[in-house]
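K.L.:
Below: one structure in structure tokens.
Number of protein chains: 4
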Amino acid sequence: MKIGFIGLGHMGQAMAGRLLQQGHEVVVFNRTLDKAQPLRDKGATVARSVADACQADAVITMVSDDAAVDGIVFGDDGLLRHLPDASIHISSSTISVGMAERLARAHAEARKRFVAAPVLGRPEAAENGLLFVLAAGEQSLLDCVEPVFRALGQRAFVISERPEHALLVKLASNFLIASVMESLGEAMALVEKGNVDPHRFVAIVTSSLFDAPVYRTYGDLIADRKFAPPQFAAALGEKDVRLGLQAAEDLRVPMPIANLIHDRFLRLLAHDEAVDWSAIGGLAADDAGILRT
Amino acid sequence: MKIGFIGLGHMGQAMAGRLLQQGHEVVVFNRTLDKAQPLRDKGATVARSVADACQADAVITMVSDDAAVDGIVFGDDGLLRHLPDASIHISSSTISVGMAERLARAHAEARKRFVAAPVLGRPEAAENGLLFVLAAGEQSLLDCVEPVFRALGQRAFVISERPEHALLVKLASNFLIASVMESLGEAMALVEKGNVDPHRFVAIVTSSLFDAPVYRTYGDLIADRKFAPPQFAAALGEKDVRLGLQAAEDLRVPMPIANLIHDRFLRLLAHDEAVDWSAIGGLAADDAGILRT
Amino acid sequence: MKIGFIGLGHMGQAMAGRLLQQGHEVVVFNRTLDKAQPLRDKGATVARSVADACQADAVITMVSDDAAVDGIVFGDDGLLRHLPDASIHISSSTISVGMAERLARAHAEARKRFVAAPVLGRPEAAENGLLFVLAAGEQSLLDCVEPVFRALGQRAFVISERPEHALLVKLASNFLIASVMESLGEAMALVEKGNVDPHRFVAIVTSSLFDAPVYRTYGDLIADRKFAPPQFAAALGEKDVRLGLQAAEDLRVPMPIANLIHDRFLRLLAHDEAVDWSAIGGLAADDAGILRT
Amino acid sequence: MKIGFIGLGHMGQAMAGRLLQQGHEVVVFNRTLDKAQPLRDKGATVARSVADACQADAVITMVSDDAAVDGIVFGDDGLLRHLPDASIHISSSTISVGMAERLARAHAEARKRFVAAPVLGRPEAAENGLLFVLAAGEQSLLDCVEPVFRALGQRAFVISERPEHALLVKLASNFLIASVMESLGEAMALVEKGNVDPHRFVAIVTSSLFDAPVYRTYGDLIADRKFAPPQFAAALGEKDVRLGLQAAEDLRVPMPIANLIHDRFLRLLAHDEAVDWSAIGGLAADDAGILRT
Numbered sequence: 000m001k002i003g004f005i006g007l008g009h010m011g012q013a014m015a016g017r018l019l020q021q022g023h024e025v026v027v028f029n030r031t032l033d034k035a036q037p038l039r040d041k042g043a044t045v046a047r048s049v050a051d052a053c054q055a056d057a058v059i060t061m062v063s064d065d066a067a068v069d070g071i072v073f074g075d076d077g078l079l080r081h082l083p084d085a086s087i088h089i090s091s092s093t094i095s096v097g098m099a100e101r102l103a104r105a106h107a108e109a110r111k112r113f114v115a116a117p118v119l120g121r122p123e124a125a126e127n128g129l130l131f132v133l134a135a136g137e138q139s140l141l142d143c144v145e146p147v148f149r150a151l152g153q154r155a156f157v158i159s160e161r162p163e164h165a166l167l168v169k170l171a172s173n174f175l176i177a178s179v180m181e182s183l184g185e186a187m188a189l190v191e192k193g194n195v196d197p198h199r200f201v202a203i204v205t206s207s208l209f210d211a212p213v214y215r216t217y218g219d220l221i222a223d224r225k226f227a228p229p230q231f232a233a234a235l236g237e238k239d240v241r242l243g244l245q246a247a248e249d250l251r252v253p254m255p256i257a258n259l260i261h262d263r264f265l266r267l268l269a270h271d272e273a274v275d276w277s278a279i280g281g282l283a284a285d286d287a288g289i290l291r292t
Numbered sequence: 000m001k002i003g004f005i006g007l008g009h010m011g012q013a014m015a016g017r018l019l020q021q022g023h024e025v026v027v028f029n030r031t032l033d034k035a036q037p038l039r040d041k042g043a044t045v046a047r048s049v050a051d052a053c054q055a056d057a058v059i060t061m062v063s064d065d066a067a068v069d070g071i072v073f074g075d076d077g078l079l080r081h082l083p084d085a086s087i088h089i090s091s092s093t094i095s096v097g098m099a100e101r102l103a104r105a106h107a108e109a110r111k112r113f114v115a116a117p118v119l120g121r122p123e124a125a126e127n128g129l130l131f132v133l134a135a136g137e138q139s140l141l142d143c144v145e146p147v148f149r150a151l152g153q154r155a156f157v158i159s160e161r162p163e164h165a166l167l168v169k170l171a172s173n174f175l176i177a178s179v180m181e182s183l184g185e186a187m188a189l190v191e192k193g194n195v196d197p198h199r200f201v202a203i204v205t206s207s208l209f210d211a212p213v214y215r216t217y218g219d220l221i222a223d224r225k226f227a228p229p230q231f232a233a234a235l236g237e238k239d240v241r242l243g244l245q246a247a248e249d250l251r252v253p254m255p256i257a258n259l260i261h262d263r264f265l266r267l268l269a270h271d272e273a274v275d276w277s278a279i280g281g282l283a284a285d286d287a288g289i290l291r292t
Numbered sequence: 000m001k002i003g004f005i006g007l008g009h010m011g012q013a014m015a016g017r018l019l020q021q022g023h024e025v026v027v028f029n030r031t032l033d034k035a036q037p038l039r040d041k042g043a044t045v046a047r048s049v050a051d052a053c054q055a056d057a058v059i060t061m062v063s064d065d066a067a068v069d070g071i072v073f074g075d076d077g078l079l080r081h082l083p084d085a086s087i088h089i090s091s092s093t094i095s096v097g098m099a100e101r102l103a104r105a106h107a108e109a110r111k112r113f114v115a116a117p118v119l120g121r122p123e124a125a126e127n128g129l130l131f132v133l134a135a136g137e138q139s140l141l142d143c144v145e146p147v148f149r150a151l152g153q154r155a156f157v158i159s160e161r162p163e164h165a166l167l168v169k170l171a172s173n174f175l176i177a178s179v180m181e182s183l184g185e186a187m188a189l190v191e192k193g194n195v196d197p198h199r200f201v202a203i204v205t206s207s208l209f210d211a212p213v214y215r216t217y218g219d220l221i222a223d224r225k226f227a228p229p230q231f232a233a234a235l236g237e238k239d240v241r242l243g244l245q246a247a248e249d250l251r252v253p254m255p256i257a258n259l260i261h262d263r264f265l266r267l268l269a270h271d272e273a274v275d276w277s278a279i280g281g282l283a284a285d286d287a288g289i290l291r292t
Numbered sequence: 000m001k002i003g004f005i006g007l008g009h010m011g012q013a014m015a016g017r018l019l020q021q022g023h024e025v026v027v028f029n030r031t032l033d034k035a036q037p038l039r040d041k042g043a044t045v046a047r048s049v050a051d052a053c054q055a056d057a058v059i060t061m062v063s064d065d066a067a068v069d070g071i072v073f074g075d076d077g078l079l080r081h082l083p084d085a086s087i088h089i090s091s092s093t094i095s096v097g098m099a100e101r102l103a104r105a106h107a108e109a110r111k112r113f114v115a116a117p118v119l120g121r122p123e124a125a126e127n128g129l130l131f132v133l134a135a136g137e138q139s140l141l142d143c144v145e146p147v148f149r150a151l152g153q154r155a156f157v158i159s160e161r162p163e164h165a166l167l168v169k170l171a172s173n174f175l176i177a178s179v180m181e182s183l184g185e186a187m188a189l190v191e192k193g194n195v196d197p198h199r200f201v202a203i204v205t206s207s208l209f210d211a212p213v214y215r216t217y218g219d220l221i222a223d224r225k226f227a228p229p230q231f232a233a234a235l236g237e238k239d240v241r242l243g244l245q246a247a248e249d250l251r252v253p254m255p256i257a258n259l260i261h262d263r264f265l266r267l268l269a270h271d272e273a274v275d276w277s278a279i280g281g282l283a284a285d286d287a288g289i290l291r292t
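In order, the protein sequence lines correspond to chains A, B, C and D.
Position 217 of the first sequence, counting from 1, maps to 216 under numbering that gives the first Met the number 0, and the rest follow consecutively.
Position 14 of the second sequence, counting from 1, maps to 13 under numbering that gives the first Met the number 0, and the rest follow consecutively.
Position 11 of the third sequence, counting from 1, maps to 10 under numbering that gives the first Met the number 0, and the rest follow consecutively.
Position 180 of the fourth sequence, counting from 1, maps to 179 under numbering that gives the first Met the number 0, and the rest follow consecutively.
Shown next as structure tokens:
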């Protein structure tokens, strides 16, 4: 397929690279063009504008937040005006549920085709096609872009016909990951202050009840308390939990752990932006007075 | 081996039954003797006293709390006085870290052999030898009782030479399980109130990042909001989290999620004792005004 | 002075009435005109438009939220276009810190005069001139409108030259009130479940260390658990705490009690909108299983 | 009256001194006798034993915790054995509700007369007779010791006939004070990071809605972030909140702010014991990255 790809941050680059590697024709666009160079070397065409990047069978947008989506989609130069009627806009950005609803509505009014497909996984997973795709939209559209999902992810889950549902699942999933980091941080501070090696603790729990990648990955990071350089920056983690809480506010769902985690992120960001989001897992040890080695 | 087994609650019965089934000779004791009948039918000898149950190569105690351990171990009729010097006391009860220290000290002073070996898993796992054993004590003693661990568990983890460390790991692990239930409860209340089927959500997260038994087991229980009859009663869950917080108090480790979960348990117990501990995962939905179907 | 008054909710009506009673000439405007009738009876002139209400020495806006302020101030028919250069816009609404900054900037660019003056107190206090005025803006402007403050409040506090600071103090104060309600609710649930009369408890603490109106007012409401009809609706309380948390997010200030209280409000609103904000003080008793009498 | 006084910590010394100053005959006892010297200089008799201190019309115990009370009251040399039948034991220590129940029961069984009378206030207040006395016990006994209460406090409140109720009110009151410190800490971190002078904020709120000594005292301490040397040590604050939570656990009353505050105390104690309990009010500013000046 010919795929437009807008937004070349860490994840965007990795995803676009994967699409190229899987044999798709990819037209990339980024506000700052230098980020496009590595993809050009791999065979991508570099578009000069959003409009140019829209000349494709499907256009993926993968940008940082609601404001960036707003800037790309709406306005005279925007995707909504330039997307061909036969093409499909695949929104993979982690945006608010409200923005997903707005996008769905705007595309419907403009008689454009739209699906949401945020993903779970880090850039390395994206490079190797190991993402999980959370897809939502009309089934016929999801069927059309299935080759894209197959190239990007080890598995695609269809949530429902309503694009905003994919965002809700994405935000709830990221909340679950963050709550693993916080609860591991507390448990490990407890055992470590009681003189049990936290690495040993991680090895035990991940060999028994918590035999899942997320516990292994973050357990060892937290035991080492090595939170820099960031792989997924704390500011992005804060944003995701905040968007989850915003949905919770709109739906009137009290989420005490989510609030606690959000405060943890604010505390991190008040001191040092340049840390990985897993650094929230080190705050319990800080509070317990455990010195970093 | 000849094994004394004191304490025939749900877990005790299942563990003693498993030991019998694996060919060990088992002498059981329980304060109320009627609980011993099913095991007698399977070939166990029923002891009339703690002292009688101590005439074995190893004696496992598996009772509900510190007070019960105190009643069994200390005093004129207690295990400490009647345990043969060559035998080994294996404490599998979930007790406080402080009580584990006290037991270790008392056995050392009386020149008796002692290890702690609390377990992870429910009664069904115990029946099928699928527990995880968290063992701590002198290595030579752990070697001696290795056949017991092999019969009971799919795996035994040696934590350290100090018995109280096994309790610390056990309490930290149970806290992690409870925090999964609470965080799943919040995430599922969010998606459900946003009209995403919570079972679908559980299926997605357990097929992607949270591919671990604990998420599958509790995810479905919480989605169904079927918390009775209890498999592991809320009062026991409360006890375990409280013991964890007691250790945290002694070690001065702030654990905000643990406190939040403890409050959830108090709320459950203030209304209805007869629920499973996973019922804490239903409180977020209650707070969000989601009606039970 | 001749005073324009825009926004005739409970507080607006009471404040405009007080200004009339103190001898000021008042021109009132409300989106739905029927609310203006009682004030017309007291001598107010009823304006047909925001522009009409602006023909005064000072114009007070007292509306429900950022969106309402936006609708009144900006646009072709808005206050900003029609405010005479010599007049002063006094913003008394509880709005976001960000909106206060935006208003300050917009007025400065349009060379219009602007101060913020949110108030502390309920409508009864407003009727009797017993509000506390939190004023911020250029000192010379505050001096000009001092007669207005004197009519409305028992006391006016000058915060600083920057209007948004008044909002920050207002939001922080409302948070303090809400935290009194929550902490009283917890303390009273504890003593009541321990068989101490909660009214007796309120009488004791308000006669000793907590001899302040806010403890007396809310202590008795919470002891009675009579939260309807609302005086200050839970939805407004939720809004104020949310605006405080929004400022905290922007400034990166973790506020755990504020989050807890915000969740309390969401829980109320998920079940019943038509309650007073003090109803958050009844949730601890609900959680403790204390039946309402 | 002739009054025995056992326990000469900061509060005990101040209270015993006040009794002397008001003309009572006072026999003091302390485990370490050197603390008795200043009181001897003021006219007190120094007892050599608990038994000696019991030879009085009333005996006040004012010690640090349950264990200290246990050591003084029970055993062969204890107060319970040596208290004359006509004398009255006034327990002023802040102890657990459970210990108060145990004392009441033990005195009743021994046919000894017992009341509980914990106090609110700092040592300075005690020196000047400005405490608040929280009295509980049989009315006839409270009448007998009324002169003692009048000497010590500006006011005595009778809670009920059951001594443990006085402790419940005392612990709930101390929780309220601690929650004021935490909520002030959060509010002040918010305004300070938004560039409003926190002293100005304290002045405003204590001149309006929060015109109570506890807000003035702690507001300024927190604005200054001067938490050493301690007047009331953080470890004692932690104890009081812990005893409150212990009562809440027994009564099954979830208290989220109390848990949050308890964690704040653990965090303080993990780093530095030698601070005032009001130091919990500085943690929000720490978390917000506000530097101490």
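Ideal placement from N, C-alpha and C gives every residue a C-beta, glycine not left out.
(1) Using 10 angstroms around the beta-carbon of D/R39, count the other beta-carbons present and answer buried if the total reaches 16, otherwise exposed.
(2) Let me confirm a value: B/E237 is counted as buried when at least 16 other C-beta atoms fall within 10 Å, else exposed. Which label applies?
(3) Give a yes or no on whether 8 Å exceeds the smallest Cβ distance from C/P253 to chain A.
(4) Measuring alpha carbon to alpha carbon, tell me which of B/L170, B/F226 and B/G193 ends up nearest B/V240.
(5) So if I threshold CB-CB distances at 8 Å, which residues from the region 96-108 of chain C count as touching chain A?
(6) Check each candidate in D/A57, D/L102 and D/L189 and name the one with the smallest Cα separation from D/A67.
(7) What runs of the alpha helix (DSSP H), each 4 residues or longer, lie entirely inside the region 50-98 of chain C?
(8) Check the Cβ-Cβ distances between C/D210 and every residue of chain B, and say whether any is below 8 Å.
(9) Going by C-alpha to C-alpha distance, which of A/R199, A/V190, A/P162 and A/G97 sits closest to A/A287?
(10) Just to confirm the assignment, what range does the beta strand (DSSP E) spanning B/L308 have?
(11) Give the secondary structure of A/L290 by DSSP, where H, G and I count as helix, E and B as strand, and everything else as coil.
(12) Residues of the region 230-241 of chain B in Cβ contact with chain C at a cutoff of 9 Å, in chain order, please.
(13) Closest to A/A273 by C-alpha separation, out of A/P229, A/P37 and A/L130, would be which residue?
(14) Determine which residues share a DSSP beta bridge with B/L167 and list them.
(15) With a threshold of 8 Å between beta carbons, is C/N258 in contact with chain A?
(16) Could you give the first and the last residue of the continuous alpha helix (DSSP H) run that contains C/G218?
(17) Relative to the alpha-carbon of D/S48, which residue among D/A57, D/L244, D/L32 and D/V118 has its alpha-carbon at the smallest distance?
(18) So, helix, strand or coil for D/K34, using DSSP?
(19) Where do the N-terminal and C-terminal ends of the alpha helix (DSSP H) with A/F264 fall, by residue?
(20) Taking only the alpha-carbon atoms, compute the straight-line gap between C/R149 and C/R17 and give it to the nearest angstrom.
(21) Does the separation of the CB atoms of A/V168 and A/V213 fall below 8 Å?
(22) Nearest by alpha-carbon distance to B/G53: which of B/F4, B/P255 and B/L290 is it?
(23) State the CB to CB distance for the pair B/F131 and B/Q153, rounded to an integer number of angstroms; the pair is presumed to be in contact (CB under 8 Å).
(24) Using a Cβ cut-off of 7 Å, pull out every chain B residue sitting near D/R266, in sequence order please.
P.N.:
To lay it out plainly:
(1) exposed
(2) buried
(3) yes
(4) B/L170
(5) none
(6) D/L102
(7) 65-72 and 78-81
(8) no
(9) A/V190
(10) Because chain B is modelled from 0 through 292, residue 308 of chain B falls outside the range shown and cannot be assessed.
(11) If DSSP states are grouped into helix, strand and coil, A/L290 belongs with coil.
(12) none
(13) Nearest of A/P229, A/P37 and A/L130 to A/A273, Cα basis: A/P229.
(14) DSSP, once it has assigned bridges, lists no residue as partnering B/L167.
(15) yes
(16) P212 to D223
(17) D/L32
(18) helix
(19) Unbroken alpha helix (DSSP H) run through A/F264: P255 to H270.
(20) Rounded to whole angstroms, C/R149 to C/R17 spans 11 Å at the Cα level.
(21) With a cutoff of 8 Å on beta-carbon distance, A/V168 and A/V213 are scored as not near each other.
(22) The question names Gly, but residue 53 of chain B is Cys in the sequence shown. Ranking B/F4, B/P255 and B/L290 by Cα distance to B/C53 puts B/F4 first.
(23) 7 Å
(24) P253
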